[in-house]
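In our numbering, each residue's number is its place in the sequence shown (first place is 1) plus 213.
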Amino acid sequence: MQDLERRNQEVKAKLAEVRKNLAETKADRDDIFHRLDMAEQIIAAQNAELKEMRSANRKLGLETRSSQ
């Protein structure tokens, strides 16, 4: 009977370890997705800024050509 109780305690300890690892994995996954979301927002903002700069550059080029 003691052997069964010892085995039961080992299984409970292993289960607790697995649950802890699962929680850490979920936290890591959530952090990764948050970082990806932030990176996507930064890229979108940079793309918008680049598009605006290209448009201004084209406009300036047209103005320069027409004034010559």
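The C-beta atom is built at its ideal place from N, Cα and C for all residues, glycine as well.
Just so you know, these numbers come straight off a predicted model, no measurement behind them.
What's the C-alpha gap between residue 248 and residue 231? 26 Å
Quick check on residue 222: does DSSP put it in helix, strand or coil? DSSP places residue 222 in the helix class (H, G or I) of the three-state scheme.
In whole angstroms, what separates the C-alpha of residue 222 from that of residue 215? 10 Å
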